[in-house]
Amino acid sequence: MAGGRMVLTFIGRSVEDPSCKHHSAHYTLLSQILFDMVVEGLVKMDDLYSFNVPIYIPCEEEVKTVIQNEGSFNLDKLHIFPIRWDGQDNIINYENDVVFDKHRNGKLVANCVRAFIEPMLAGHFGSSIVDELFGRYAENGRAFV
Numbered sequence: 213m214a215g216g217r218m219v220l221t222f223i224g225r226s227v228e229d230p231s232c233k234h235h236s237a238h239y240t241l242l243s244q245i246l247f248d249m250v251v252e253g254l255v256k257m258d259d260l261y262s263f264n265v266p267i268y269i270p271c272e273e274e275v276k277t278v279i280q281n282e283g284s285f286n287l288d289k290l291h292i293f294p295i296r297w298d299g300q301d302n303i304i305n306y307e308n309d310v311v312f313d314k315h316r317n318g319k320l321v322a323n324c325v326r327a328f329i330e331p332m333l334a335g336h337f338g339s340s341i342v343d344e345l346f347g348r349y350a351e352n353g354r355a356f357v
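Take 213 as the starting number for the sequence shown in the working numbering and just add one per residue.
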């Protein structure tokens, strides 16, 4: 529609270097947990090997370049909303009067990842493993907070 507007929301990198491991660590943890579940017989090895989700997390400059090069759209505004993986407000000072609850924050990290990848996981592996997988993710996700 000519003159229409569009709002796009997606995960992005805060650094330009695409090899930065910080932004892929969440997916590495997910793959490690899935592999552990294969070893325990909860997931089939063939299902794990056939699960391929090519994920690329762009930085701000890459988004601008793709939009400009594609040519169908004009970029009026690009706004970055930094959000912590643990769901906490960026203003909180953990060293003063706030109790840092790693268990709670691990669950928040797991829920953040679960929000966008659960449909793919359930569709490929079946919904029966999802709660167990993200329970483990919550335990191991504490490392990211």
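A virtual CB, placed ideally from N, CA and C, is assigned to each residue, including glycine.
Less than 9 Å separates the beta-carbon of Glu-272 from that of Ile-292. Distance between Tyr-349 and Asn-286, taken at the CA atoms: about 39 Å. Within its own chain, the residues whose Cβ lies closer than 6 Å to the Cβ of Gly-353, once the five positions on either side in sequence are excluded, are Gly-318, Val-321, Ala-322, listed in chain order. For Leu-220, no alpha helix (DSSP H) encloses it, and the DSSP letter there is neither H nor E. The segment 333-349 makes no contact with the segment 220-231, as fewer than three CB pairs between them are under 8 Å.
Residue environment: Phe-222 is assigned as exposed (fewer than 16 neighbouring CB atoms within 10 Å of its CB, all protein chains considered). Between the C-alpha atoms of Pro-294 and Glu-252 there is a straight-line separation of about 37 Å.
Under the three-state reduction of DSSP output, Cys-271 falls in the strand class.
Counting every other CB atom within 10 Å of its CB across the protein chains shown gives Ile-267 a total below 16, marking it as exposed. By the Cβ neighbour-count rule, Met-249 is buried, with 16 or more other Cβ atoms within 10 Å of its own.
Setting aside the 5 residues that flank it on each side, Glu-351 is surrounded in the same chain by Gly-318, each with a C-beta closer than 7 Å to its C-beta; the list follows chain order.
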